[in-house]
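Each remark here refers to the structure printed beneath this line.
Residue numbers (our numbering): 2 to 677.
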């Protein structure tokens, strides 16, 4: 126990060094704005920030990233309550009672309740991580390579099956991510795999450009299509904030129960914060003696989701730190940060120094607690001013997000080819969104692929095929099958219940949307079938090429590839037979806007994304960022003063941070090379 106490105190002191605390404050500021502004999203912003951690120490990097992640749900409640628009997808349930309270003139009370319950939930979730460490550590230390391989497979399966939509699509997406992870030189034999003679691919596909492409580019397109300002309503002076704070302690037992729900759901890989919020809301309704008040402005309907959304972060860290199995999309991206920092989640994260990095794990606890205390205090002081941030026009954000996207992709390897990777996976991510294919499993497959391949080889090399019959492996395999088939059976059961119709209406109201005509459904089915066919062809070609790899280099592609190809063929067969349900294929935004406007804006922003790339290629980063920002803002109809100011700010940010401070060697533009 003395070692645990020492590591706990050490984690506290590490956080309060000048450099670490400063970086945490920067992360809090970024997460603060992201949570308030709808459209960006915590995972997207976390992906944008990954390139900044390469030169940081481990504790600095995670203080920066966790400080950012810990506050997005808290500030997302502000937009949800004031405008009925979720600042974050995981804050959607706060709208149900929070926005009606705002309409009744109780916005301040609703915000006070949401902020204080979020703080309580965050502290509860962080303490859950502390309590879980001595419980989980003995289990982790008894695991060998076979168990870790199965745990990783279990985590990917859960994310694939519980992240929404078709289960088969999710598993195929994860399998495709595994194949992407095999690109490059085999770490043991040195054999080239899927490099196509390109030297750039010898090191594999970078995590950062793939993440940015999958998450940032689709968000950029959606922001551009949305147009105008983020919030369409205005809110007057807020009052009654302290009354909402008192409500948190009046209903303290409900807040604690909902915090426990959030932490518990966070531990389960793939469930995510949105699930915990709706479960917490359902619990608040069920446990209330007056259920009729809910949906009309009941403060309990704000307290429950507010507590659950932040306690889930501490819960999600438990499987991530202990087993390397992300509990959410945010944790999947954070796992990429572990790899960038050269840290392997597992036993080392649970052992005290000098054998392990338990002090780093405990620093996560302090980051979550301290960042939420700072955020809630700031929000309570400046709520009226914060409400005005939501009126920022999307056009003003676009150049800065594109700048971060391309800079982040380039910064990982200082390679121009990574910008092409961003574009390729950006278009892939956008198509996946439109056709209801899940992106998180693909990213998770890419992240966990190298670790799984290593553990598969060690298991086979040490135990032969006997590792398949180890008791823990069989238990984990049974859980994997449960993770695959349970959502399917649950969906079939729900179709038989009348309540499923109400749930479908709620999903549409939350922005899921469905195609509005038979012709549109037919067109989407055709494109979906063609997309699945292309996946089948790519997987088949990859397996055909793997024949020349040899046993060591081909073991993982064969083990993963043949089952995934079979599933892809099954999915293709279901689509050809018309037995695939249409769900969430279009956003509610596209239903509201005329189709001609949606198409025009979509083509326009894709043109600008490609235009930024071409400008960087021809002019180099420094000149291209200024030129393209200026042209975009003027094309968007912005006035001269704000166009000039933002152009200068973006160029100064680029030059000051990357050129002057970090000395990143950006290549010259092709035009300047030609005219030398």
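All residues carry an ideal CB built from backbone N, CA and C; glycine is no exception.
Taking all protein chains shown into account, residue 170 has 16 or more neighbouring C-beta atoms within 10 Å of its C-beta and is therefore buried. Per the C-alpha coordinates, the member of 394, 441, 490 and 671 positioned closest to residue 172 is 441. Three or more Cβ pairs closer than 8 Å define a contact, and the stretch 395 to 408 falls short of that threshold against the stretch 56 to 76. The three-state secondary structure of residue 359, taken from DSSP, is helix.
With respect to the 9 Å criterion, residue 215 and residue 430 are classified as neighbours on the basis of their beta carbons. Between residue 575 and residue 181, the alpha-carbon positions lie close to 25 Å from each other. Three or more beta-carbon pairs separated by less than 8 Å are not found between the stretch 241 to 252 and the stretch 450 to 462, which leaves the two stretches without contact.
Straight-line spacing of the CA atoms in residue 542 and residue 201 works out to 21 Å. Contact between the stretch 529 to 547 and the stretch 135 to 143 is absent: fewer than three C-beta pairs spanning the two stretches fall below 8 Å. Nearest to residue 472 by alpha-carbon distance, out of 144, 36, 445 and 154, is 144.
Under DSSP, residue 608 shares a beta bridge with no residue. By the neighbour-count criterion, in which 16 or more other beta carbons inside 10 Å mark a residue as buried, residue 598 falls on the exposed side.
When DSSP states are grouped into helix, strand and coil, residue 138 belongs to the helix group. The DSSP-derived three-state label of residue 185 is strand. Checking the DSSP bridge columns, you'll see residue 193 partnered with 186. The beta carbons of residue 324 and residue 141 sit about 7 Å from each other, so the pair counts as a contact at 8 Å. For residue 221, the enclosing alpha helix (DSSP H) begins and ends at 218 to 227.
Residue 228 and residue 397 have their alpha carbons spaced roughly 10 Å apart.
With a contact defined as Cβ atoms closer than 8 Å, residue 47 and residue 69 qualify at about 7 Å.
Annotated as distal: residue 329 and residue 261, with beta-carbon spacing of 9 Å or more.
Under DSSP, residue 669 shares a beta bridge with 621.
In the three-state reduction of the DSSP assignment, residue 297 falls in the coil class, being assigned neither a helical nor a strand state. Using a Cβ distance threshold of 9 Å, residue 81 and residue 100 count as a contacting pair. Look at residue 529 here: in three-state DSSP terms it is helix. Residue 241 sits in coil when the DSSP states are folded into three classes, being neither helix nor strand. For residue 11, the uninterrupted alpha helix (DSSP H) run begins and ends at 3 to 16, by DSSP. Inclusion of residue 30 and residue 606 in the CB contact set at 9 Å is not warranted, their separation being larger than that value.
Residue 576: member of the alpha helix (DSSP H) spanning 552 to 577, first to last residue.
Of all C-beta pairs linking the stretch 376 to 384 to the stretch 608 to 622, fewer than three are shorter than 8 Å, placing the two stretches out of contact. In the displayed model, residue 640 falls within coil according to three-state DSSP, outside both helix and strand.
With contacts defined by Cβ atoms closer than 9 Å, residue 370 and residue 123 form a contacting pair. DSSP places residue 326 in the coil class of the three-state scheme, outside both helix and strand. The Cβ-Cβ distance between residue 156 and residue 348 does not fall below 9 Å. Around the beta carbon of residue 373, 16 or more other beta carbons sit within 10 angstroms, so the residue counts as buried. Taking C-beta separations shorter than 6 Å and ignoring five residues to either side along the sequence, the partners of residue 178 in its chain run 443, 446 and 447, following chain order.
Within its own chain, the residues whose Cβ lies closer than 6 Å to the Cβ of residue 357, once the five positions on either side in sequence are excluded, are 349, listed in chain order.
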